[in-house]
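I have placed the structure first, in the form of structure tokens, so that the comments after it can refer back to it.
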Amino acid sequence: MPVTPLPALRAALPRHARLIGLDPGSKTIGIALSDVLLMLASPYAALARGKLAPNAAEIRRIAEKEGAGGLVCGLPLGMDGSFGPAAQAAKDWAMAVSNATGLPVALWDERLSSSAVNRMMIEADLSRAKRAKAVDAAAAAYMLQAALDATRG
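Each residue of the sequence shown is one higher than the last, beginning at 5 in my numbering.
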């Protein structure tokens, strides 16, 4: 499936369908879930990044269980907004997951989402171990929330 612009993805969703936010890292995929009104994103899970087929099957299982109709995948643009190798890899991965799950995908700039979430967790005085467990899903929620806010009608 081709990448869909986020406003078009939102408009094409069935009533009360959720969006899944994905923050693909090198070791972990952060997963977030929107509410049915597409107003609030919440951390959902962190999935160990492995082969595409099992990762996509787990994302599809979550989508079916939670009533999600689309994916929003984080796009790691350069600090100057450039589209580099990491962004290309994320785009390729997002398209492959979209094809494997049958769900449409949109991309959203996720620059500094993990840094912002880590900073918030440090300010909340979470230990390094607790931050490590929670940062990926929280970064996915941070990215998904920004996407929801920017495309709210």
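For each residue, glycine too, the CB sits at the ideal point set by N, CA and C.
Host beta strand (DSSP E) of residue i (start-end)
{"i": "Pro58", "result": "Segment Leu56 to Glu70 is the alpha helix (DSSP H) holding Pro58; no beta strand (DSSP E) there."}
{"i": "Pro47", "result": "Ala45 to Ala52"}
Beta-bridge pairing of residue i - partner residues as DSSP gives them
{"i": "Trp112", "result": "Gly78"}
{"i": "Arg22", "result": "Ala72"}
{"i": "Thr155", "result": "Note: Thr155 sits in no beta bridge, so no partner."}
{"i": "Pro28", "result": "Ile33"}
{"i": "Val7", "result": "Val109"}
Enclosing alpha helix (DSSP H) for residue i [first to last residue]
{"i": "Pro11", "result": "Leu10 to Ala16"}
Per-residue DSSP class, three states only, for residue i
{"i": "Ala37", "result": "It should be pointed out that residue 37 corresponds to Leu in this sequence rather than to Ala. Reduced to three states, the DSSP call for Leu37 is strand."}
{"i": "Ser86", "result": "coil"}
{"i": "Leu148", "result": "helix"}
Burial state of residue i, where buried means 16 or more other Cβ atoms lie within 10 Å
{"i": "Arg14", "result": "buried"}
{"i": "Ala154", "result": "exposed"}
{"i": "Ala61", "result": "exposed"}
{"i": "Met147", "result": "buried"}
{"i": "Arg22", "result": "buried"}
Contact belief for residue i with residue j at Cβ below 8 Å, rounded distance in angstroms
{"i": "Pro47", "j": "Ala145", "result": "5 Å"}
{"i": "Gly73", "j": "Pro18", "result": "6 Å"}
{"i": "Arg53", "j": "Asn59", "result": "7 Å"}
{"i": "Leu107", "j": "Ala67", "result": "6 Å"}
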